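Asker:
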Amino acid sequence: MRVLSSFAPFLAVIPILVVACSGGDDGKSGTEGTGAGDTGSGLPCEVEAVLQKDCRSCHGSSPQFGAPNPLVTHADLHAAGRSDPSKKVYELVSDRVHDTARPMPPPPASPLGEESLRLLDDWIARGAPAGSTSCEPSGEGGSGNLPTLNCTPDITIQAEAPYVMPKEVEDVYMCYGVDVEIGEKRQIIAHAPRVDNTTIVHHMLLFAADAAYPKTPQVCNGGNMGRLMGVWAPGGQALELPPEAGFAIEGTAHFVVQVHYSNLMGLDGEQDRSGYSLCTTDQLRPNDADVMAFGTNKIAVPPNGSQDVTCDLTIPALFPQITTISGMPHMHKIGTHISTTLLPADGRSPVDLGTSDPWDFDLQEWTDVRTTLGPGDLVRARCAWNNPTPYQVNFGEGTSDEMCFGFVMYYPRITAPQWVWGAPAFLSTCSPTP
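Mature numbering (1 follows the signal peptide of the UniProt record, and there is no 0) puts the sequence shown at residues -20 to -1, 1 to 414.
So, in structure tokens, the structure goes:
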């Protein structure tokens, strides 16, 4: 009860906001490559090898995860680009593999190695010529290495009905809710995405909500989703909590899934019921896990301008010592940088609790961060934005608003009556970044 008495005068006036980050068998799934077939791609063997290893999990003969075009044949690379028809696809490839803001391959995949980059650069500089020799079969693409669990899922989070994506819609965020009757307390110990239609699913978010949300998919660009529990994008992994902790659920548990769909190819009839698989246990672990957020809600990015703030919070004396599990930065569309750093009071080295530089809204993921955090420690968050619009952008829940949250997953869960997950962010002291 006394844990956060140092925060009490402030918490009384803080609204209990919630995060807005804002597969079934009924959908139409993307096609996996066969690993064999026509070897006449027309590409030089060394280029063929690089594209197969680093690009075709998305850019196969049947592009997946919202990729706009295949990178399989010489003709594919010499086609006009969808994003810029004045350029050939191979020219756009050159732009993206050197783009530090929107790199290809995108995180969490590793960037191209030096030798692979040198081979591509040399080939592109020569006008991307066709190969002169026949290569061994290398396959046409894959499933994006979808994550698997080391436990047997007992809860499936899936929409009541599939979302059917209109062919004229290139990009949309859809949300749906699922209510699960739990009864007595259980703990979620792991979860992984269930990607139904790999052709159009770009990324997904999983929230634990306080109330029911509509069960059929509907357009959502923010709103009261709940506690962010899971994030997946191509190349991302399943989340498995350490053996000493789990997310507590009991009674009726409410979940919300947000799915980002991309249909740049204008395909007709694509439908999807992607969701999440959860592993839970009634053999309760010693600690309940939870999520808190550092950063700030004091955001006012001027029209056609920028804002860069550094926000500090010194942990009060009555705050309990916690153990962190993982960290994840979160902003919206005009963010350019976010970092959260623990500066321990005992002189230990600083700990990166989550950095994304440059920030990319579509590439959010949890990163393992095992450390302790307690009284006297200082947590410093930095956020920067660049606003290209003619209006001021403030803190808010919609994707056209902005956020600055460094999420930290931790245990044991703080249960003080006045505690809210956003308290560390709301109580930070901010100043312009030098």
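Ideal Cβ placement from N, Cα and C applies to all residues, glycine included.
Just so we're clear, the structure is a prediction, and the values are computed from it rather than from any experiment.
1. Compute the Euclidean distance between the alpha carbons of Q301 and L343, then round it to the nearest angstrom.
2. Report the rounded CA-to-CA distance for E224 versus N267, giving the unit in angstroms.
3. May I have the straight-line CA-CA distance separating H39 from L51, to the nearest angstrom?
4. Who are the Cβ neighbours of L100 in its own chain at under 8 Å, not counting the five residues just before and after it?
5. Taking the C-alpha atoms as reference points, what is the distance between G215 and D64?
6. May I ask you to check if the CB of P194 is nearer than 8 Å to at least one heavy atom of the ligand COA?
7. Which residues bound the beta strand (DSSP E) around P173?
8. Go through its chain and collect everything with a Cβ distance to H317's Cβ below 8 Å, but skip five positions before and after it.
9. I'd like to know whether the C-beta atoms of G226 and I168 end up nearer to each other than 9 Å.
10. Do you know offhand how far residue 416's Cα is from V271's?
11. In this structure, does DSSP put D262 in helix, strand or coil?
12. Verify whether the separation of the beta carbon atoms of G206 and H234 is less than 9 Å.
13. D79 to G163, Cα distance in whole Å?
14. Would you report the Cα separation of T395 and D159, rounded to the nearest angstrom?
15. Once DSSP output is grouped into helix, strand and coil, what is the label at S42?
16. So what does T212 bridge to, in DSSP terms?
17. Who are the Cβ neighbours of K33 in its own chain at under 8 Å, not counting the five residues just before and after it?
18. Run through DSSP, which three-state label would Y70 get?
19. Cα separation between A405 and G275?
20. Using C-beta distances below 8 Å, list every residue in its chain close to A55, excluding the 5 sequence neighbours before and after it, in chain order.
21. Between Y156, R166 and A170, which lies nearest to L264 when the distance is taken from Cα to Cα?
Answerer: Taking the geometry as given:
1. Numbered from its first residue, the sequence shown carries residue 301 at position 321. Numbered from its first residue, the sequence shown carries residue 343 at position 363. Their backbone Cα atoms lie some 30 Å apart in a straight line.
2. Here the question's residue 224 lines up with position 244 in the sequence shown. Here the question's residue 267 lines up with position 287 in the sequence shown. Each residue's Cα considered, the two are about 6 Å apart.
3. Locating residue 39 in the sequence shown gives position 59, where the first residue counts as 1. Locating residue 51 in the sequence shown gives position 71, where the first residue counts as 1. Distance between the alpha carbons of H39 and L51 is about 5 Å.
4. Sequence index remark: in the sequence shown, residue 100 carries index 120 (1-based). Taken in chain order, the residues that qualify are V27, V30, V73, S74, V77 and L92.
5. Indexing the sequence shown from 1 puts residue 215 at position 235. Indexing the sequence shown from 1 puts residue 64 at position 84. Between G215 and D64, the C-alpha separation is close to 26 Å.
6. Looking for the ligand COA in the displayed structure turns up nothing, as the structure carries no ligands at all.
7. As a first step, residue 173 is located in the sequence shown; it is residue number 193 there, counting from the start. Note, P173: beta strand (DSSP E), D151 to R174.
8. In the sequence shown, counting from the first residue as 1, residue 317 sits at position 337. Counting only Cβ-Cβ distances below 8 Å, and skipping sequence neighbours, we find D288, S336, D337, P338, W339, R362, C363 and A364.
9. Here residue 226 refers to the residue found at position 246 of the sequence shown. Here residue 168 refers to the residue found at position 188 of the sequence shown. Going by C-beta atoms, G226 is nearer than 9 Å to I168.
10. As displayed, the chain neither begins before -20 nor continues past 414, which places residue 416 out of reach and without an answer.
11. Counting from one through the sequence shown, the residue named residue 262 turns up at place 282. Coil.
12. Residue 206 sits at position 226 when you count from the first residue of the sequence shown. Residue 234 sits at position 254 when you count from the first residue of the sequence shown. Contact: yes.
13. Indexing the sequence shown from 1 puts residue 79 at position 99. Indexing the sequence shown from 1 puts residue 163 at position 183. Between D79 and G163, the C-alpha separation is close to 50 Å.
14. Position 415 of the sequence shown holds residue 395. Position 179 of the sequence shown holds residue 159. One C-alpha to the other measures close to 23 Å.
15. Walking along the sequence shown from the start, residue 42 turns up at place 62. Residue state, collapsed to three classes: coil.
16. As a working mapping, residue 212 is identified with position 232 in the sequence shown. According to the sequence as given, residue 212 is Trp; it is not Thr. DSSP output for W212 lists M184 as bridge partner(s).
17. Stepping through the sequence shown from its first residue, residue 33 is reached at position 53. Only S96 meet the Cβ criterion.
18. Walking along the sequence shown from the start, residue 70 turns up at place 90. Of the three classes helix, strand and coil, the one that applies to Y70 here is helix, per DSSP.
19. Counting from one through the sequence shown, the residue named residue 405 turns up at place 425. Counting from one through the sequence shown, the residue named residue 275 turns up at place 295. Answer to the nearest angstrom: the Cα atoms are 4 Å apart.
20. In the sequence shown, the residue the question calls residue 55 occupies position 75. The answer, listed in chain order, is G22.
21. Here residue 264 refers to the residue found at position 284 of the sequence shown. Of the listed residues, the one whose Cα sits closest to L264 is R166.
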